[in-house]
Each structure stands twice: as structure tokens, then as C-alpha cells.
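Sequential numbering of the sequence shown, starting at 425, is according to my numbering.
All C-beta atoms in this analysis are idealised placements derived from N, C-alpha and C, irrespective of residue type, glycine included.
Inspection log for the structure reproduced underneath, given as C-alpha cells.
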Amino acid sequence: MITVNVKCPHCGKSLIDKKKLIDGKPAIGVKLTYAGKNSMLYLSSVYGSYSVETDLNVPNGKIAGFRCPHCNADLKSTRKCDVCNGHMVAFDLKDGGQVQICSRRGCKKHIIEFEDPKRELEAFYKSYLKAYNE
Ligand SMILES: [Zn+2]
Ligand SMILES: [Zn+2]
């Protein structure tokens, strides 16, 4: 199982919440805002998993706001989703590069961009092999 380690692009603090487990791994925790309400949103840190947990009921197809739980910065990216035209939300990968997800509930668009794809591929391969050997 490959997990992504992300941090806030603004304050640089880790967005991984070790107390909250999804898919058996520490989840990515961000502040979700919708219709004037706030709640934590937990996303699976497992690569390729769409598991999420939140108390805030954002209707399917609606766009929610994503903020850093540490510095409260808006995580909205300048990029738009090429599927639904909603705003993408960006997180920095700890080892360089970015993960972007669509802010529209129900849209599964996400992009992972590595600063150095070759090195990252190698890291993925290594952690896969490590998991395989454990
Ligand atoms: Zn922050
Ligand atoms: Zn979208």
C-alpha cells in the first residue's frame, strides 16, 4: 500500500493526522467549509483510494471550501478541473510536487504532479517492494 505524505503549501505544516485512521493509515485532515459551516474533512492518504470522512453534509455536485487546519489558508489552486470546471485544491507533497483534487463533491478528478517523476517512481517502487517484503 502506497501512502502520500502531504503538507500545507502556505505554512508547510503536515496535513497528516496521526490520530485519525482511514484505510488503516493516518488520514489527511483539512478544514472543510460549506454554507457558512466548518468541519474537518479526512481523506485517505492511500494512493488511489477515494475514502473520505466528514460531519459536514455537502450535497453531491456542490463546491466546498478547503482550508489548512493550522494556518487557515485557502487551499484553492489557480487550476480548474478539466472534468467539471470547479476549482482544484492543492496540497504539497512532502518530497516535492503537488497533489490536486477537485473541490466539487462527487467529482473524482485528481492530479498528482511530481517535481522529479523519475525519482518519485523509484520511491514508489521502493516502498512497494518494502511492503511486499514485510
Ligand atoms: Zn497552513
Ligand atoms: Zn471536478
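The three-state reading of DSSP puts H494 in coil, since its state is none of H, G, I, E or B. Counting only beta-carbon distances shorter than 7 Å to the non-hydrogen atoms of ligand 1, the qualifying residues in chain order are C432, H434, C435, K437, C492, H494, C495 and A497. In this chain, R528 is not harboured by any beta strand (DSSP E), its DSSP state being neither H nor E. With respect to the C-alpha of A451, the residue from I487, T478 and K504 having the closest C-alpha is T478. Distances taken from the Cβ of R528 to the heavy atoms of ligand 2 include one shorter than 8 Å.
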